[in-house]
Every structure is written in C-alpha cells, then in structure tokens.
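The structure appears below as structure tokens.
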Ligand code: MSP
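In structure tokens form, the structure reads like this:
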C-alpha cells in the first residue's frame, strides 16, 4: 500500500505554543488527512524538543528542574493539537528513554567510524541560539553580534567533539541537484545550494557539562552532553521505531516530507542529510520550508507582547461555536498566505475571510440550497455532477500535493462562488419545472466543496455533508458519483464573527495582544496614567553605542539619581548637543538589556517622517519635577 510519513519540527518547551507552531502543525494535519482520505497508509509525527540551554534556562528561571518543567509544558502542546482538531499518529518527547537510547547508539556509531572527533576549539558563541559562529561568518568590525538574532556573542575557548560535516559537502549537493532530496520552495533550495558553495566546516556537536547539563550524555565521554540539534533531528527516525503500532515499527523511515519553518532550513537541509549519510540511513524525500507570521506588520515577539496565542484566540471566537472558531482558524492560516511566503496575521483579516468565504460563499450557499430543495423539490433531489467539478478536482490535487494550500482553498471556494452565481442566474424559484436539475447541480457542487474542505475543516465539512443527508463528507474521489440527497435544515454552518457590543472590545482579551481599538473599552483610566512614573530629567552625557547606529547611551539626572538608559534617537540628534537638555523620562519602566547596556527607563519622543523629536517642557526645569 502507498505510504506517507509526515513530520513537523518538534517544539521547544521553553515557552507556550503560539500561532507559528499551530501553523506548521495544522499544515501537516491537512496533508495527513488528505493522504489518509485517499487511501494512503500514513504516519504523522509531532512532539517536543526538551533538551538544551533554552529549556534549562526556562526551568531555572521558574526554580524547578528541567524535567519538571518539560512535564508541565509538553501537555500544553498535546492539548493544543486536540483543541485544533489536529490528529498526530504519535507525539514524541526527546526525554523519552527510547529516543535517548537511539541517539546514544548513533553517537557511538559515528564516533567509532571516526566521523565524530575531539578538537580544541575557540569561537564566538550565541547562548540563546546555542550555536558557534566563525570569524568568517561575522565579517569585519569589532562588535560581535549573532548574524541570526543580533544578540551579543561570547568568545569561548574549549575542547569539544566535532562532526566531520565538511566531508559531506559534495554528497549533499549531489542529492539536492539530482532531486533525490527535494527542497521547496525553489528559493530555499537555492539558498541551501548557496551555502554549500561557500563550503561547510565541521560542526561542534557537544557541550561541556560546565556549560550545559540538560542533554544526552555522550556515550564515549561523560564530561559532555550532545548538542540539542543532534539529539532533536534524530526524533524523526527514532519516533516511529517505538511509537508506531507494533506491526509497522521501524518501517516508516524515510520521511516523505519534513514540514519546517524557514528559520530552521540549514539544520534540516544541510546538517540532517549529513548526519543521515554518516549513520548510513536513507534521506527524507522532501523538505518544505514555510514563511513566518508577523502580527499587524510587526515581528511577533514576547517582549513586544504581540504573540498570538491560539488557545486564547479559540476561546474568544468560540462565542460563535467552537467548531466554527477552530475551523475558521485552520482555514485562515492556510488560505491567507502562500506556503513558503511570510504572512501577516490580523484579527480584521481573519474576520474578513471568515465572513466573505466561509459565512457568505459556503454557508449561505448551503442554507439557500437546502431551503430551495425543501420548498421546490419536496426535500430531496438527485445530485448531478458535472465535468467542471472533475476538472476542479485535478487542480485541487495538484496544488495540495505541491503544498500550495492557498490555491487548493481557492479552488474549493471558487466552486462555491460559481454555484452561488449559477443559482442566482438559473433562478429555480421562477421555473419550478427545471428546479430538480438546477438544484441537483448545486447539491453536487456542495458535496465536492465539503470533500475538498474535509482535510482543512474536518468537523465543518462533515456538518455540510449532513445537511445534504450524508453521514459525513466523503473522501475526495477522482470522479464524483451521483447520490440521492435528502436535505436537512439547521443553524448557519458558519455564523458571522460579529461580536455583540459588550464583547467587541478586547480589553483583557488574551487573544488580542496590541491591536489599537477605537471603541471606549480601549481607554485607560486616570489611575492607569498615574501608574507611569513620568519625571523631568536632565541629560548628563550621551554617547554612541558601537554597532548600533540608531542608539545612544544616555545618563540622565532624574532628581533622585542619575540613570543610564538607551534611546533610539541617534539618527535625529548629535550626541554632543544633548547634555543639559530637559527630557521627559518614564522612570518606572522595567529595566531591559539593550546591546549589552542595562537601560533603566525611557525618554519620550514624538516621531515625524523618518525622525524623532524629544518631548520637553517649554521652559528649563530642574530634574525631578513630576509630569502629570
Ligand atoms: N526545536 C526546534 C526544532 C527542532 S526539529 C528537529 C525549534 N523549535 S521552535 O519551537 O523554536 O520552532 C518550531 C517551528 O515553529 C519552526 O519551524 C519555526 O519556524 C516555527 N515558528 C516559530 N515562530 C514562527 C512564526 N512567527 N511564524 C511561523 N512559524 C514560526 O526550532
């Protein structure tokens, strides 16, 4: 039987699941449901990446052991998948003893083969990203900042274990060139080939215990643990070996497709094939890298506080029915943007698509058709499939199998739109004699739409099918058979997301992090304003921060003390002209480290064109005056 093995990245448990995790996992679920519906035998693996510095640090900050932290966080991912109607075949945790044993066995094998060797080493290390950079990666200049995340690097000198990655450059290039390993989209494939052209250097795959204890100990040197990525990537092989049903364990590898985000392309498309070649294992067939979601045009980040939490979102929109909220979310994520490109999440866009495509195009079509069949045909009609529907199925399959989910959904919604138009033009209410034929065609279209939407919105497509008298949405077949439809009335399938006035605001809503709202609930009270400790300050000194052309390090006298703070005003002000100037300081802002400088407070400035203008009193005041 034909098989498909589909994977998602395994998610770090240093934080709660967010929309980015939901996106990858829903896409994998859609593929899995599609292939299963087509009669494939499938295995869909997701899980959590539990070792490494990020997790160790998150646990330390909470004052609990890493294991206790992981045991608490892993279920949040499982629960989210349940909430979002995602049905993985298995959920792997890298702290599972079977996985750890497997990784140890690979480490031993590669060490024995001489592909992992010990070397003295020095380099620039990015602690948050857990990776080393070479001078070559960093280029000229004195400031050593991580090329990936922009944070300051630390210079480290130590003995470590290296995987001889450089030996695999040509073999990796050749499997990509030949198409044996497919990397999509094309732009990502080129990116990987570009990296290979620059030449690969050997990869540090160990961390000394003095720097990290939360990892898999190297079987050949207990003073070290494995680099988290070496451990994590092997989940794809180890997972089905102990988590699949007894009859198929060990038979799933290689994966048909690894679905990943663009940020983890190098680890998957360069390191991973090399690890597999070294371990004499087959390569995955394909890797598809999707883009990133930002929020209303800004990068999502915990510090800005604009990370979209899927649990909160579903909770908020469940006033329109939980099934509808979940399915509209699944639909939106895959319809809004081409898989591979970046997308912008906004609640307006979410509600707009839900209203136009789900409530109007699909929902209205179903309710109109059902009531017309009742009224004009006594409640039942034979469906009349057309050749156009067969053609649409071909393009639906093509786009879905190339991960162009937005096109797939366009095809499905396109059928609903055409059927609405056809109904309007054929006007069966004006010609009762031909009503059976017109409505037969419309019912056939609706059945196809339900089948097409089935992998994307499983519960809603079953509900659509039930209105046509079917028990569930039938899996998509290449040709649509006719059936006798006994229609059933019901509530709107996709109620519109129109909030009652009292619910329309989002104050306190966990789902809407930083959107600007114009309704009265967005107002703050005078007590809120008083919470801001605003004072007049006098700038004592100002100097540039190396490597950051927008930032100045200021020392500001606020009456009670002289504070150091970082301000993004370097493009608009010459540092020499600032000492002595009055500014307005937010004195009780939580301290933050910016480019290595602890910033305690912020100064207020108004922005204009591409500059900023400092906010100041209209006469010179001594430092410390309260601003209210
Ligand atoms: N643990 C590693 C993966 C190991 S796989 C062997 C990891 N975990 S992660 O939790 O940080 O990220 C997992 C996935 O979420 C990545 O594919 C990443 O691209 C995706 N996303 C994280 N934020 C995202 C957005 N804002 N938008 C879309 N996806 C993003 O990396």
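In our numbering, the protein residues as written are 1148 to 1775. Ideal Cβ placement from N, Cα and C applies to all residues, glycine included.
What does the alpha-carbon distance come out to for the pair residue i and residue j?
i: residue 1355; j: residue 1372; result: 6 Å
i: residue 1706; j: residue 1209; result: 36 Å
i: residue 1382; j: residue 1229; result: 21 Å
i: residue 1380; j: residue 1481; result: 26 Å
i: residue 1426; j: residue 1388; result: 16 Å
i: residue 1734; j: residue 1758; result: 24 Å
i: residue 1582; j: residue 1575; result: 5 Å
i: residue 1323; j: residue 1686; result: 58 Å
i: residue 1172; j: residue 1233; result: 7 Å
i: residue 1762; j: residue 1410; result: 39 Å
i: residue 1265; j: residue 1424; result: 20 Å
i: residue 1621; j: residue 1594; result: 8 Å
i: residue 1395; j: residue 1402; result: 14 Å
i: residue 1178; j: residue 1184; result: 10 Å
i: residue 1215; j: residue 1361; result: 12 Å
i: residue 1385; j: residue 1314; result: 25 Å
i: residue 1664; j: residue 1455; result: With a pLDDT of only 35 at residue 1664, under 50, the local geometry of the prediction cannot be trusted, and no value is derived from it.
i: residue 1525; j: residue 1220; result: 55 Å
i: residue 1273; j: residue 1614; result: 57 Å
i: residue 1539; j: residue 1548; result: 14 Å
i: residue 1206; j: residue 1739; result: 21 Å
i: residue 1690; j: residue 1704; result: 15 Å
i: residue 1168; j: residue 1479; result: 15 Å
i: residue 1316; j: residue 1326; result: 16 Å
i: residue 1555; j: residue 1435; result: 17 Å
i: residue 1180; j: residue 1745; result: 50 Å
i: residue 1333; j: residue 1485; result: 13 Å
i: residue 1692; j: residue 1286; result: 19 Å
i: residue 1155; j: residue 1760; result: 47 Å
i: residue 1699; j: residue 1737; result: 19 Å
i: residue 1358; j: residue 1297; result: 22 Å
According to DSSP, simplified to helix, strand and coil, what is residue i?
i: residue 1745; result: strand
i: residue 1431; result: coil
i: residue 1601; result: coil
i: residue 1156; result: strand
i: residue 1355; result: strand
i: residue 1518; result: helix
i: residue 1631; result: strand
i: residue 1165; result: coil
i: residue 1699; result: strand
i: residue 1636; result: coil
i: residue 1724; result: helix
i: residue 1456; result: coil
i: residue 1198; result: coil
i: residue 1769; result: coil
i: residue 1665; result: Confidence at residue 1665 is low in this model, with a pLDDT of 34, below 50, so its placement is unreliable and the value that follows should be read with caution. DSSP places residue 1665 in coil when its eight states are reduced to three.
i: residue 1776; result: A question about residue 1776 goes unanswered here, because the residues of the chain that appear run from 1148 up to 1775.
i: residue 1373; result: strand
i: residue 1578; result: coil
Determine the burial state of residue i: buried for a count of at least 16 other Cβ atoms within 10 Å of its Cβ, exposed for fewer.
i: residue 1153; result: buried
i: residue 1378; result: buried
i: residue 1510; result: buried
i: residue 1673; result: exposed
i: residue 1415; result: buried
i: residue 1465; result: exposed
i: residue 1151; result: buried
i: residue 1541; result: exposed
i: residue 1461; result: buried
i: residue 1369; result: exposed
i: residue 1587; result: buried
i: residue 1491; result: exposed
i: residue 1764; result: exposed
i: residue 1649; result: The predicted model places residue 1649 with a pLDDT of 44, which falls under 50 and marks its position as unreliable; any figure quoted below should be read in that light. Exposed, because fewer than 16 other Cβ atoms sit within 10 Å of the Cβ of residue 1649.
Considering only DSSP beta bridges, list what residue i is partnered with.
i: residue 1307; result: 1266
i: residue 1119; result: The chain is shown from 1148 up to 1775; residue 1119 falls before or after that span and cannot be answered.
i: residue 1441; result: 1446, 1491
i: residue 1405; result: 1154, 1434
i: residue 1752; result: 1761
i: residue 1704; result: 1685, 1709
Can you tell me the Cβ-Cβ gap for residue i and residue j, rounded? I've got them flagged as a contact below 8 Å.
i: residue 1306; j: residue 1268; result: 7 Å
i: residue 1196; j: residue 1159; result: 5 Å
i: residue 1597; j: residue 1611; result: 4 Å
i: residue 1406; j: residue 1174; result: 6 Å
i: residue 1255; j: residue 1422; result: That pair is no contact at about 14 Å.
i: residue 1623; j: residue 1563; result: No, residue 1623 and residue 1563 are not in contact; Cβ-Cβ is about 15 Å, not under 8 Å.
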